[in-house]
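Residue numbers (my numbering): 2 to 317.
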Ligand code: UDP
Ligand code: MG
């Protein structure tokens, strides 16, 4: 019998947790062929989330919880969940029912029968979200797509069912600054995408504001891309090229046309050249630092999906 672990990061979710538990129970009642494990991660909530979790654990042996000493963020909560889950398949779900539990049977069918290691939901629409946030998210995904060399689908969140193999691969990435959407993509494996509609959260309120989302976006960029450093180098090259052209212009004008050279113009040109060179050198230093930065993450060099054949013992 397969075991499915449902990992639920919870930060101040007292209003919605009972509702979530009710819904998830309904879904599992319809899947008698699997065993459920509901692993709640209380991410330092300041409301009665922990009390609710304690009572859930007391009444249902499928429930477990871990409670953090303070708010460490959703990324930390997901990591803790994956580390502690015991299921053959792991699902990460928000507590606010924005990730419809009704997709679970279909996700399970996909990972069990269709040979995928991951079945992920993506939001078809962004109804119920502010225009500004909508626009910024889209811009962010386009940017990430271009600079990160990783497939990151617009509308894709953390809601997905993964096989044990894929979970182990994600756990092999032990970096401190975790950007899960990037890691999902980094570890590879085949993912099937199924669409769902965005719905407003069932109760309680969102933990994100524009500032925290912006920070999160920067986290994503700096964890997975060295493009900003390269950009500095490109700016340097442009400046040096401009200085060169400007200098040529000055020479032609001074020597051939007017017979004199404008001192101020020469100073400006030299400044342009030097600052361009500084940008280039900064970028070179940056390239070494980013190499070291990536080394420090200690990410796996490769990830094996399946292997075949047996190792022969050498009886010499
Ligand atoms: N969450 C968390 N720690 C945090 C912020 C959020 O564990 O510091 C959880 C939260 O309880 C919810 C999920 O992450 O289950 C998504 O949060 P939210 O619904 O506020 O985000 P949104 O859906 O607005 O992006
Ligand atoms: Mg939400």
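Glycine included, every Cβ here is placed at the ideal spot set by N, Cα and C.
| Item | Value |
| --- | --- |
| Shorter than 7 Å, the distance from the beta carbon of residue 44 to the closest heavy atom of ligand 1, or not? | yes |
| So, at 6 Å on beta carbons, what are the nonlocal neighbours of residue 149 in its own chain, with the 5 sequence-adjacent residues on each side left out? | 225 and 226 |
| Among all the DSSP beta bridges, which residues are the ones paired with residue 194? | 121 |
| Is DSSP giving residue 287 helix, strand or coil here? | helix |
| Closer than 8 Å is the cut-off here; do at least three beta carbon pairs connect the segment 288–307 with the segment 256–273? | no |
| Is the distance from the Cβ of residue 19 to the Cβ of residue 42 below 8 Å? | no |
| Name the DSSP bridge partner or partners of residue 157? | 123 |
| Let me check understanding here. Comparing Cα to Cα, which of 201, 167, 29 and 89 lies closest to residue 17? | 201 |
| To which residues does DSSP link residue 11 through a beta bridge? | 43 |
| Can you give the beta carbon distance from residue 159 to residue 89, rounded, assuming they're within the 8 Å contact cut? | So it is not a contact: roughly 19 Å between Cβ atoms. |
| Which residues bound the beta strand (DSSP E) around residue 303? | Per DSSP, residue 303 belongs to no beta strand (DSSP E) and is neither H nor E. |
| Taking DSSP as the reference, what is the three-state secondary structure of residue 174? | coil |
| Measure the beta-carbon distance from residue 123 to residue 157 and round it to whole angstroms, keeping in mind my assumption that it falls under 8 Å. | 5 Å |
| Output the distance between the C-alpha atoms of residue 121 and residue 250, rounded to the nearest integer angstrom. | 58 Å |
| Does the beta-carbon of residue 290 have 16 or more other beta-carbons within 10 angstroms, so that it is buried, or is it exposed? | exposed |
| Name the DSSP beta bridge partners of residue 5, please? | 37 and 90 |
| CA-CA distance, residue 116 and residue 163? | 12 Å |
| Can you give the beta carbon distance from residue 205 to residue 13, rounded, assuming they're within the 8 Å contact cut? | 7 Å |
| Since residue 277 and residue 241 are thought to touch, with beta carbons under 8 Å apart, how far apart are those beta carbons, to the nearest angstrom? | 4 Å |
| Check whether the segment 90–110 touches the segment 191–200, counting contact only when three or more Cβ pairs, one atom from each stretch, lie closer than 8 Å. | yes |
| Quick one: what's got a C-beta closer than 8 Å to residue 184's C-beta in the same chain, skipping five residues either side? | 171 and 174 |
| Considering residue 65, what are the terminal residues of the beta strand (DSSP E) in which it resides? | 64–68 |
| Is it the case that the CB of residue 202 approaches a heavy atom of ligand 2 more closely than 7 Å? | yes |
| What are the uninterrupted segments assigned as alpha helix (DSSP H) that are 4 or more residues long and contained completely in the segment 177–237, given in chain order? | 181–187 and 211–225 |
| Could you give the C-beta distance for residue 133 and residue 142, rounded to a whole number, given that I count them as a contact under 8 Å? | Actually they do not touch by this definition, with Cβ atoms about 15 Å apart. |
| Report the rounded CA-to-CA distance for residue 211 versus residue 255, giving the unit in angstroms. | 54 Å |
| Among residues of its own chain, excluding the 5 on either side of residue 233, which ones have a beta-carbon nearer than 6 Å to its beta-carbon? | 280, 283 and 284 |
| Shorter than 7 Å, the distance from the beta carbon of residue 122 to the closest heavy atom of ligand 1, or not? | no |
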